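Everything in the sequence shown is counted per our numbering, starting at 45 for the first residue and increasing by one.
Here a beta-carbon is modelled for each residue, glycine too, at the ideal position from N, C-alpha and C.
Quick caveat: nothing in here was measured; it's all calculated off a predicted structure.
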Amino acid sequence: MDELVSQTRQNLRVLTSVPGLSFVANFPVESLRRLPPIPGLDVAVGVTSYQLSSTIKVAVEGLNYGQLRAGQLTTHVRQAVEKAADAVEQIGKQGAEVATGATEGAMWAAADVAMEVGRVAEEAMQGTMQALAKTAADPLDALRGATHGVIQGASEAGLHVGNAVKHAVKAAREAAADLGISEQQAGKAAAQAAVESAAQLGKEVEAEVVDAVVQELMGDTDDGSAGETASDDRSQGSPDR
45 MDELVSQTRQ NLRVLTSVPG LSFVANFPVE SLRRLPPIPG LDVAVGVTSY
95 QLSSTIKVAV EGLNYGQLRA GQLTTHVRQA VEKAADAVEQ IGKQGAEVAT
145 GATEGAMWAA ADVAMEVGRV AEEAMQGTMQ ALAKTAADPL DALRGATHGV
195 IQGASEAGLH VGNAVKHAVK AAREAAADLG ISEQQAGKAA AQAAVESAAQ
245 LGKEVEAEVV DAVVQELMGD TDDGSAGETA SDDRSQGSPD R
């Protein structure tokens, strides 16, 4: 892990001269080891989050994935999150919990119906952020919660966590404008949450996630991984759901 972090620091330093990527130079590599907990996520997931996970899982599984148009999955997730957010009295304090439930449920569905893992992670993040951007939820907490849900769901479903994380961080950065924050803030929040969550899953997964985060921050996402289905993208040694 120390060697990986050292190499990561060198890679990020090279990017300081690349137009449009100067923000990456300020990414706190040291924080990959020690990250603050996400408020609301240091306790068991609440009833609202669990219900939302189940609702989205069922909704996504019911889609005709072969005929699914671009953005259609995003719309279904957004609508489900909007309804859940309306039912939460203190969404400002529970935004992270709601976000976790949304993306976690989508990843469960990705495994059960062999959907493209990267696409599901990305569109689930997009739909969740679009919905919570209209509420009093803290945008950074929401991003952290959604990223946590992607990792948790992918891990539970036996999917390659790194692939899902890469697309989750991409979606977080793209959602920055709607959330009223900078791309740097969005990328940092998602990246930190990703590595913190992965640290609970063992050193191998943690290293995989660090690598995925760095690749996304460097703009190296055109590797075809978005087109891999859950059946192609299961972690070695992980049980199928």
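Query: Is GLN170 buried or exposed, if buried means 16 or more other CB atoms sit within 10 Å of its CB?; Result: buried
Query: Check whether the segment 242–258 and the segment 214–223 are in contact - that is, three or more C-beta pairs closer than 8 Å.; Result: no
Query: Could you have a look at GLU286 and say whether DSSP puts it in helix, strand or coil?; Result: In this structure the chain extends from 45 to 285, so residue 286 is not present and cannot be described.
Query: Would you mind stating whether SER97 and GLU148 have Cβ atoms separated by less than 8 Å?; Result: yes
Query: Confirm, please, whether the CB-CB distance from ALA124 to THR92 is below 8 Å.; Result: no
Query: Which same chain residues, not among the five before or five after LEU184, have their C-beta less than 6 Å away from its C-beta?; Result: ALA233
Query: Indicate the three-state DSSP secondary structure (helix, strand or coil) for LEU261 in the structure shown.; Result: helix
Query: Label GLU133 either buried or exposed according to how many other C-beta atoms from any shown protein chain fall within 10 Å of its C-beta, with 16 as the threshold for buried.; Result: exposed
Query: Which residues in the same chain as MET262 place their Cβ atom closer than 6 Å to its Cβ, once the five residues preceding and following it in sequence are excluded?; Result: none
Query: Would you kindly check if the distance between the Cβ of ILE195 and the Cβ of ALA238 is under 8 Å?; Result: yes
Query: Three-state secondary structure (DSSP) at LEU203?; Result: strand
Query: Relative to the C-alpha of GLY193, which candidate in GLU160, ASP130, ALA153 has its C-alpha closest?; Result: ALA153
Query: Please go through the same chain and pick out, in chain order, the residues whose beta-carbon is closer than 7 Å to the beta-carbon of ALA175, but skip the five residues on each side of it.; Result: ARG122, VAL125, GLU126, ALA129
Query: The alpha helix (DSSP H) with LYS127 in it runs from where to where?; Result: 116–131
Query: Within 10 Å of its beta-carbon, does ARG113 have 16 or more other beta-carbons around it, so buried, or fewer, so exposed?; Result: exposed
Query: Can you give me the C-alpha to C-alpha distance between ALA180 and MET151, rounded to a whole angstrom?; Result: 25 Å
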